[in-house]
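Undergrad: Just so you know, the sequences run in chain order D and G.
Each residue of the first sequence is one higher than the last, beginning at 1 in my numbering.
Each residue of the second sequence is one higher than the last, beginning at 1001 in my numbering.
Ideal Cβ positions, reconstructed from N, Cα and C, are used throughout, including at glycine.
Owing to the predicted nature of the structure, the values given are computational and were not obtained by experimental measurement.
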Amino acid sequence: MKDSLGSVQSLLVLGGSSDIAVATARKLAQDKTKRIILAARPSDRLNAAATLLRSYGGEVRTVDFDALDFSSHEKVLAPLFEEGDIDVVLLAFGVLGDQADDERDPLAAAQVVQTNYVGAVTSSLVCSQALRKQGHGSLVVLSSVAAERARKANFIYGSSKAGLDAFAQGLGDSLVGTGVHVMVVRPSFVDTKMTTGRPKAPMSTTAEAVADGIVEGLRKNAELVWVPAQVRYAMSTLRHLPRPVFRKLAEKQG
Amino acid sequence: MGTERLTGWGRTSPSVAEVLRPRTREDVAEAVATAGPRGIVARGLGRSYGDPAQNGGGRVLDLTGMNRILSVDLASGLVVVEPGVSLQQLMRAMLPFGYFVPVSPGTRYVTVGGAIACDIHGKSHHADGSFARHVVSMDLLLADGDVRTLTPETEPGLFWATAGGMGLTGVVLRATLRMLPVETSRILVETTRVADLDEAMDRMTETDADHRFSVASLDNLATGPSLGRGWVESGDFAALADLPPKQRENPLAFQPKPLAAMPDLFPSGLLNKRTVRLLNAANYRRAPQHSHTHLASIGGFFHPLDAIHGWNRVYGAAGFLQYQFVVPFDAAATLRRIVERVAVQRAPSFVTVLKRFGPASPGYLSFPTEGWTLTYDFPTRTPGLPGLLRWMDEKVLEAGGRLYLAKDSRMSAADLEAMYPRLEDFRKVRAEVDPQGVFVSDQSRRLSL
């Protein structure tokens, strides 16, 4: 289990090849994490991440996991907890989609929602059940500032994260008293492979900064982490703007 | 029966377990026999700082209900007790007959079961050794339901695996202890202010042999020429003749009164480098400049913090941890480097205690070994604490020292292996008596004990 200083011993990452996932796992491995499981679709990136993490001396393995194959989640994830306690589950998979294309292709939009919301719901339910049985553990759910208020340029992605965000908060509340802690992480626009080529939003952040936010949040058992921290106040303002004003602002943003 | 969220005294690393409160041996046997795949561990008064008395997702046996003193032999000072009997209870029952507990740690609120499992020590370690040295025999319930009566002579392997074994060999159902005969319930204490670490160490080295109790308290934030300043207390139980006439009427009086209960409303940062600096400096100045001898009560001398019920709450919800290490006497340089680095990094410790240990206990996982032991209380939110403690782990290990499992809440499995050379012996015994690993705790999982 997490020690008295919030250092993590064992980590399961869902979406283990994402930039944020790798940055977080690396920081944890540099600290005290000795057992890491990267669950993701097989890829060179995933293997490279595993190789990198192994260089810190811990035991690292990869597991074939497909967020869209909902019915497999129980079968793939539950046994991982039998091998030993898992202190932290980091739910880091997600797709941004292409807003304009997805609006024209409803099935592509469905794919975004299925991955970011439905797949996240099934996999986090499986993991939270297993954590309950341990009587301790943290589930870290990557949300987004877009969950707070979506705009016309990202509302398919944003709505999927809004659903996930609400789900994770409710799940966290339902797990109070079980020893399981749910932490929702809301980064602003993150410069990663997922966002390459997109116009940067103000207060954008990096995978490294998000990883720092997660590590710090785990030390404090935070329930909600904003990255960067100030974006919390910006979003709080944006959220209360009248729609016409918000639209104008969003227009400028593109 | 229900699930409860448990932590150690440091209030960190909670986990949720099914807590049972047995009243009889049969209850205990039943609970052990029906423990699920996450196993079971015994718990006393929860004074271990970290996670040894909790078992997330499994069972925890709260033994404080098994607190009967079963028999007393006033001629020999032998008592037979159930595991949930606390040291406070033993003092209350036995002081009127002129007997004190054989070893007293910094709190009376520990159970005999816990004292055996952690093989605790006190200010008298250099004279009396650790707690298990005074355990004449104990009944241990094993994973298979067998109850074995252990003495150091008849079953040394299992006895010394259990003493200091953190509750991982079985459940102690009763123990026979040899109490310490005393004439009075007062301690004659000589207090001397010391200007720096060298003076503290010199003074203790010179005076230890002449006193049963000996300890130094340090102002851990003092730096430069004042590094390690503090005060040394050496004491012995007072003889009847040492008491003023009025106290002689009731020389064995023992009525500790809790002064107050600490409310649970402190913010986590209350004890920080600034406040602790002031408090430590004030305590230092309060110590008499020249050697001064006075009569102290048992509570005042051994357990000053017990006067405030729930004092751990002053650290707030974020909690604190205690870091206690021992290094051999020839590694005094390491001790000095650690004291220096902690002071320079301004990691605040309200209670910092230095003590000299006598010869090691035979317990496989018992902590005390001959040398200097130093204890710090650090708030968990202290900036830079994880890195500082890792550095301290390294230094302690290099010097051939070790950390105390009863205080541990964060050490690494690899360091434990290196610090406890008899870990293999312990594992061998445990594999024999508990091959399925029925007795487990959050700590044993964390450290792959």
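Using a C-beta cutoff of 8 Å, does D/M183 count as contacting chain G?
TA: no
Undergrad: What residue range does the beta strand (DSSP E) around G/I1187 cover?
TA: R1186 to V1194
Undergrad: Which partner residues does G/D1139 have in the DSSP bridge list?
TA: G/T1149 and G/R1174
Undergrad: Could you spell out where the alpha helix (DSSP H) holding D/E59 opens and where it closes?
TA: First-last for D/E59: E59 to D64, but that is the beta strand (DSSP E), not the alpha helix (DSSP H).
Undergrad: Just to make sure I have the definition right: I need the residues of chain D whose C-beta is within less than 7 Å of the C-beta of G/D1442. Which are they?
TA: In chain order: M1.
Undergrad: Mark G/H1290 as exposed unless 16 or more other C-beta atoms lie within 10 angstroms of its C-beta, in which case mark it buried.
TA: Looking at its Cβ environment, which holds fewer than 16 other Cβ atoms inside 10 Å, G/H1290 is exposed.
Undergrad: What are the uninterrupted segments assigned as beta strand (DSSP E) that are 3 or more residues long and contained completely in the segment 1283-1316 of chain G, given in chain order?
TA: Runs found: 1292-1297.
Undergrad: Taking Cβ positions, are G/V1080 and G/S1086 nearer each other than 8 Å?
TA: Taking 8 Å as the cut-off, the Cβ atoms of G/V1080 and G/S1086 do not count as close.
Undergrad: With contact counted as at least three CB pairs below 8 Å, one residue from each stretch, are the segment 1292-1301 of chain G and the segment 1250-1258 of chain G in contact?
TA: yes
Undergrad: Using a Cβ cut-off of 8 Å, pull out every chain D residue sitting near G/S1349, in sequence order please.
TA: Ordered by position in chain D, no residue passes the 8 Å Cβ test against G/S1349, which lies about 15 Å from the chain.
Undergrad: Just the chain G side, please: which residues come within less than 8 Å of D/S7 by C-beta, in chain order?
TA: For D/S7, the C-beta contacts it makes with chain G under 8 Å involve P1386 and R1410, in order along the chain.
Undergrad: Using the three-state DSSP reduction, which class does G/F1213 fall into: helix, strand or coil?
TA: strand
Undergrad: Which of the three DSSP states, helix, strand or coil, is assigned to G/V1112?
TA: helix
Undergrad: Got a sec, what are the start and stop residues for the beta strand (DSSP E) G/Y1376 sits in?
TA: G1371 to P1379
Undergrad: Quick one: give me the first and last residue of the alpha helix (DSSP H) that G/L1416 is part of.
TA: That run of the alpha helix (DSSP H) goes A1413 to M1419.
Undergrad: Could you tell me whether the segment 1156-1164 of chain G touches the segment 1232-1245 of chain G, using the rule of 3 or more Cβ pairs below 8 Å?
TA: Between the segment 1156-1164 of chain G and the segment 1232-1245 of chain G there are fewer than three C-beta pairs closer than 8 Å, too few to call the two in contact.
Undergrad: If we ignore side chains and look at the alpha-carbon of each, how far apart do G/G1057 and G/G1039 end up?
TA: Answer to the nearest angstrom: the Cα atoms are 9 Å apart.
Undergrad: Please compile the residues from chain D whose C-beta is within a distance smaller than 7 Å of the C-beta of G/A1017.
TA: G135
Undergrad: Straight-line CA distance for G/Y1404 to D/K152?
TA: 59 Å
Undergrad: Check whether chain G comes within 8 Å of D/D102, counting only Cβ atoms and requiring the distance to be less than that.
TA: No, its Cβ sits nowhere closer than 8 Å to a Cβ of chain G.
Undergrad: Which same chain residues, not among the five before or five after G/L1074, have their C-beta less than 6 Å away from its C-beta?
TA: F1097
Undergrad: Quick check on the burial criterion: 16 or more other C-beta atoms within 10 angstroms. Buried or exposed for D/Y117?
TA: buried
Undergrad: Considering just the uninterrupted stretch of the alpha helix (DSSP H) at D/D19, what are its terminal residues?
TA: D19 to D31
Undergrad: What residues from chain D crowd round G/T1380, counting only those whose CB sits closer than 7 Å?
TA: S4 and L5
Undergrad: Since G/A1450 contacts G/L1447 with CB under 8 Å, what's their CB separation in whole angstroms?
TA: Nothing can be reported for residue 1450 of chain G: it is not among the residues displayed for chain G, which extend from 1001 to 1449.
Undergrad: Listing by chain order, which chain D residues have their CB less than 7 Å from the CB of G/P1052?
TA: Within 7 Å Cβ-Cβ: nothing; G/P1052 doesn't reach chain D, min ~12 Å.
Undergrad: Between the C-alpha atoms of D/T237 and D/G172, what's the straight-line distance to the nearest angstrom?
TA: So the alpha carbons of these two residues sit roughly 25 Å apart.
Undergrad: Can you check which of these residues, G/L1188, G/H1126, G/F1213 and G/T1223, is closest to G/P1359 by C-alpha distance?
TA: G/H1126
Undergrad: Tell me where the beta strand (DSSP E) around G/G1098 begins and ends.
TA: No beta strand (DSSP E) holds G/G1098; DSSP gives it neither H nor E.
Undergrad: Here's the rule I'm using: 16 or more other beta-carbon atoms within 10 Å means buried, otherwise exposed. How should G/D1198 be labelled?
TA: exposed
Undergrad: In the structure shown, what three-state DSSP assignment does D/M183 receive?
TA: Note: D/M183 maps to strand in three-state DSSP.
Undergrad: Name the residue from G/H1309, G/D1393, G/S1214 and G/R1381 whose alpha carbon lies nearest to the alpha carbon of G/T1334.
TA: G/D1393
Undergrad: Do we get a CB-CB distance below 8 Å when we pair G/R1023 with the residues of chain D?
TA: Not closer than 8 Å to any Cβ of chain D, the Cβ of G/R1023 fails to qualify, so no.
Undergrad: Relative to chain D, which residues along the segment 1316-1341 of chain G have a C-beta separation below 8 Å, given in chain order?
TA: A1318, G1319 and L1321
Undergrad: Buried or exposed: D/S138, going by 16 or more other Cβ atoms within 10 Å of its Cβ?
TA: buried
Undergrad: In chain order, which continuous runs of the beta strand (DSSP E) of length 3 or greater are located wholly inside the segment 208-240 of chain D?
TA: 224-227
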